[in-house]
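For reference, the structure is listed below as structure tokens.
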Amino acid sequence: MSSLTSGPLKELGKESYHWERFTAKQRFLRFIAYLTVAVLLYWTVSSIDIYWPWVWSAPIEIQDMISRMIPPNPGALPEIIPALIETINIATIGTVFAVLISLPVAYFGASNVSPNKVMLWIARVIIVSSRSIDTLIWALLFVAILGPGPMAGVFAVTFRAIGFLAKLIGESIEEMDWGPVEALQSSGASKAHIISYAIVPQVLPTFWAVTILRWDINIRESTVLGMVGAGGIGMLFQVAIDLFRWRDVSMVLFSIILVVLFGEIVTSIVRKKLI
Amino acid sequence: MNHENQAIPLEDHYIWKKPSFIRNPWLRYGLLLVSAVYLIYAFSTLSLDIQRVMRGIPRAMQIFSSAIPPNFAARGELIVTGFIESIQITLVATAAGVLLSIPFGFMAAKNISILPVYALGRAVIIISRSLHPIVLGVLFVKAVGFGAFAGVLTLIIYTVGFVGKLIAEAIEEIKYGQIEAIRSTGAGYFTILVYAVFPQIMPRLIGLSMYQLDINLRASAVIGLVGAGGIGNTLNSAFGRYDYGTASAILLVMIAIILVFEYVSGKLRRFTK
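The listed protein sequences derive, respectively, from chains X and P. So the first sequence is numbered by my numbering: it starts at 306 and just counts up by one. So the second sequence is numbered by my numbering: it starts at 19 and just counts up by one.
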């Protein structure tokens, strides 16, 4: 710094030049932000209900658990593979149902095309409550209603995905170009024609992108549905954990990773082809 | 999808038709057929049973009627402590997870790391991304016991998977001018990382951690279902006692808190941009 200020700048006639990256106001705001984070973290760490001896012994315990898991037991595969297929089926059917239900919800939830305020708010309530409740909690509910099995899983996936799809598709309806709609209106087209010729073509790319994304997420979520009894690979995981069959546990974990990667690869291929 | 400018055939009776989303008819109908067959097969494996759904409907009515009105009073204190614990788990895990995801993100960026390190970083990120927080939660509850600590560990791994991946992607998109400038001063590898790479991803990182705070709060509400602390524990025992009034009260508060968090984190993200 000093070598810079004493050199050429002095010749420019400035007595002393001190460069600063931020203005005083920026520095003050930064200080406030850092302070807030520090205070929040201090409060959290000092008051959180953690039994600290368990923290110090955690590395040993985790090491011990991993050593029990190696090597994975391929003997569990005959049970795992059908469960994996069931997982993918739950995710796919859940996505299909969710798409079918979310389209009208998206239409009524988009403020620019919704027929009236009441429908708009009903759609918004559906979207918010569906999105805010996790798939697993939906699964708990549907297992209580329908009994255990993949059917509860399909319903859980569907109910969680409706809000996600409807929100994103609805947003893309709100952002679309209004010109085609007016053009069709001026030609005397019916409501159905306006939807299919002016709205659908504009929303279609988003629709596919969002649906594919949701399918990918649904596969991830379906891997745990079985832990509350809603079908899929999660059931095997829970059983293996409960029986302390650690080598089966690691085999299940390994196959979950594989199936999630499979979903990711398929979606990235489809996305590239489609969009 | 190729949108070629095809010449419109000049025929006497030309009727315009909306172009299909997939141009090639073979591919279009082939895909339709394949998906129809798959869906029929998938439905058949589900043992969808209309009678069971029908029998479920009165049960659902019973659950909903006991869930309405939500009962905030009976377990009010438990609900409050549960949510405070969830928020604490979220804050600690987000802070630690973001810090930890910085080295893994750097390791997993193709353009600044060597192959073995890249492979290791990617593997860590892929594994932590693939495992659902519930699965991780079960494992950590088994390893370190019930309570908030298992939840914190779970969400740290979850954060590393998500933030680490996006940091790596951000690093792969950086501008090289700054790197060359710092390198021309004779700086070493780590100096370049600190002065040329890190400042470029910093805004992204702050935005991401705000977003992750929001995601972690949602996740912290469910990992309690498997014993990893927080409001999920309370919710699970409410379900277990068939105390649907308390359960619906918890769900309502959860929706409210998540909406507030979403709003705040969105505001903060816009502010840091």
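Heads up, the beta-carbon is just placed ideally off N, CA and C, and yes, glycines get one too. Owing to the predicted nature of the structure, the values given are computational and were not obtained by experimental measurement.
Determine the contact status of P:Asn254 and P:Thr112, defining contact as a CB-CB distance below 7 Å. Looking up residue 254 of chain P in the second sequence gives position 236. Looking up residue 112 of chain P in the second sequence gives position 94. Taking 7 Å as the Cβ cut-off, P:Asn254 and P:Thr112 do not qualify as a contacting pair.
Would you please verify whether the beta carbon of P:Phe164 is less than 7 Å from any beta carbon of chain X? In the second sequence, residue 164 of chain P corresponds to position 146, counting from 1. No, P:Phe164 does not count as interfacial toward chain X.
Tell me whether the beta-carbon of X:Val448 lies closer than 7 Å to the beta-carbon of X:Gly399. Here residue 448 of chain X refers to the residue found at position 143 when the first sequence is read from its first residue. Here residue 399 of chain X refers to the residue found at position 94 when the first sequence is read from its first residue. It is not a contact, given that the beta carbons lie outside the stated cut-off.
Below 7 Å between beta carbons: does that hold for P:Ala246 and P:Gly155? By 1-based counting over the second sequence, the position of residue 246 of chain P is 228. By 1-based counting over the second sequence, the position of residue 155 of chain P is 137. Yes, the pair counts as a contact, with Cβ atoms nearer than the cut-off.
Taking C-beta pairs closer than 8 Å, name the residues in chain P that X:Gly452 reaches, listed in chain order. As a position in the first sequence, residue 452 of chain X is number 147, starting the count at 1. Under the 8 Å cutoff, chain P gives Arg70 and Gly74.
Going by C-alpha distance, which of X:Pro383, X:His323, X:Phe549 and X:Pro420 is nearest X:Lys500? Taking the first sequence and counting its residues from 1, one reaches residue 500 of chain X at position 195. In the sequence under discussion, the amino acid at residue 500 of chain X is Ile, which differs from the Lys named in the question. X:Ile500 has its Cα closest to that of X:Pro420, out of X:Pro383, X:His323, X:Phe549 and X:Pro420.
Beta carbon of X:Gly414, beta carbon of X:Arg429: below 7 Å? Along the first sequence, read from residue 1 onward, the residue named residue 414 of chain X stands at position 109. Along the first sequence, read from residue 1 onward, the residue named residue 429 of chain X stands at position 124. Yes, the pair counts as a contact, with Cβ atoms nearer than the cut-off.
Chain X beta carbons: is any one of them nearer than 7 Å to that of P:Leu64? Here residue 64 of chain P refers to the residue found at position 46 of the second sequence. Answer yes: the Cβ-Cβ gap between P:Leu64 and chain X drops below 7 Å somewhere.
In the DSSP assignment, find the alpha helix (DSSP H) that holds P:Asn234 and state where it starts and stops. What you label residue 234 of chain P is simply residue 216 of the second sequence in a count that begins at 1. Segment Phe216 to Ile241, the alpha helix (DSSP H) holding P:Asn234.
Residue range of the alpha helix (DSSP H) that includes X:His323: As a first step, residue 323 of chain X must be located in the first sequence, where it is residue number 18. Note, X:His323: premise wrong, no alpha helix (DSSP H); not H, not E.
Three or more C-beta pairs closer than 8 Å, one from the segment 159 to 168 of chain P and one from the segment 181 to 194 of chain P: is that the case here? no
Please return the same chain residues whose Cβ sits closer than 8 Å to the Cβ of X:Thr516, not counting the five positions on each side in sequence. Along the first sequence, read from residue 1 onward, the residue named residue 516 of chain X stands at position 211. Contacts found: Thr400, Val404 and Leu470.
Which of the three DSSP states, helix, strand or coil, is assigned to X:His604? Because chain X in this structure spans residues 306 to 580, residue 604 of chain X falls outside the shown range and cannot be described.
Determine the burial state of P:His150: buried for a count of at least 16 other Cβ atoms within 10 Å of its Cβ, exposed for fewer. Along the second sequence, one-based indexing puts residue 150 of chain P at 132. Burial call: buried.
Quick check on the burial criterion: 16 or more other C-beta atoms within 10 angstroms. Buried or exposed for P:Met125? Within the second sequence, numbered from 1, the residue matching residue 125 of chain P stands at position 107. Buried: at least 16 other Cβ atoms inside 10 Å.
Closer than 7 Å to chain P by CB, X:Arg552: Here residue 552 of chain X refers to the residue found at position 247 when the first sequence is read from its first residue. Answer no: the Cβ-Cβ gap between X:Arg552 and chain P never drops below 7 Å.
Check whether the Cβ atoms of X:Ile538 and X:Thr392 sit closer than 7 Å, and answer yes or no. Here residue 538 of chain X refers to the residue found at position 233 when the first sequence is read from its first residue. Here residue 392 of chain X refers to the residue found at position 87 when the first sequence is read from its first residue. Yes, these two residues count as a Cβ contact at 7 Å.
Taking the alpha carbon of X:His397 as the reference point, which residue from X:Thr341, X:Ile438 and X:Met456 has its own alpha carbon closest? Residue mapping note: residue 397 of chain X aligns to position 92 of the first sequence, counting from 1. Here the sequence assigns Thr to residue 397 of chain X, which means His is not the residue at that position. When the alpha-carbon of X:Thr397 is set against those of X:Thr341, X:Ile438 and X:Met456, the nearest one is in X:Met456.
Report the CB separation of P:Ser84 from P:Gly263 in whole angstroms; it is logged as a contact under 8 Å. The residue labelled residue 84 of chain P in the question sits at position 66 within the second sequence. The residue labelled residue 263 of chain P in the question sits at position 245 within the second sequence. Confirmed, about 6 Å.
Beta-carbon proximity list for P:Ala274, same chain, < 8 Å, skipping 5 on both sides: The residue you call residue 274 of chain P lines up with position 256 of the second sequence. Result list for P:Ala274: empty, nothing under 8 Å.
P:Ile143 and P:Phe122 look like a contact to me (Cβ under 8 Å); what is the Cβ gap, rounded to whole Å? Reading the second sequence from its first residue, position 125 is the one you call residue 143 of chain P. Reading the second sequence from its first residue, position 104 is the one you call residue 122 of chain P. In this structure, P:Ile143 and P:Phe122 form a Cβ contact; the two beta carbons are roughly 6 Å apart against a cut-off of 8 Å.
Short CB-CB distance (under 7 Å) between X:Ser437 and chain P: Translated into positions along the first sequence, residue 437 of chain X becomes position 132. With 7 Å as the cut-off, X:Ser437 counts as an interface residue toward chain P.
For X:Ser416, I'd like the list of residues in its chain whose CB is within less than 8 Å of its CB, leaving aside the five on either flank, ordered along the chain. The count along the first sequence starts at 1 and reaches residue 416 of chain X at position 111. Excluding residues within five positions, the ones whose Cβ falls inside 8 Å are Leu425 and Glu479.
C-alpha distance - X:Ile590 paired with X:Arg576, whole-angstrom precision: The structure shown does not extend to residue 590 of chain X, since chain X spans only 306 to 580, so no value can be given for it.
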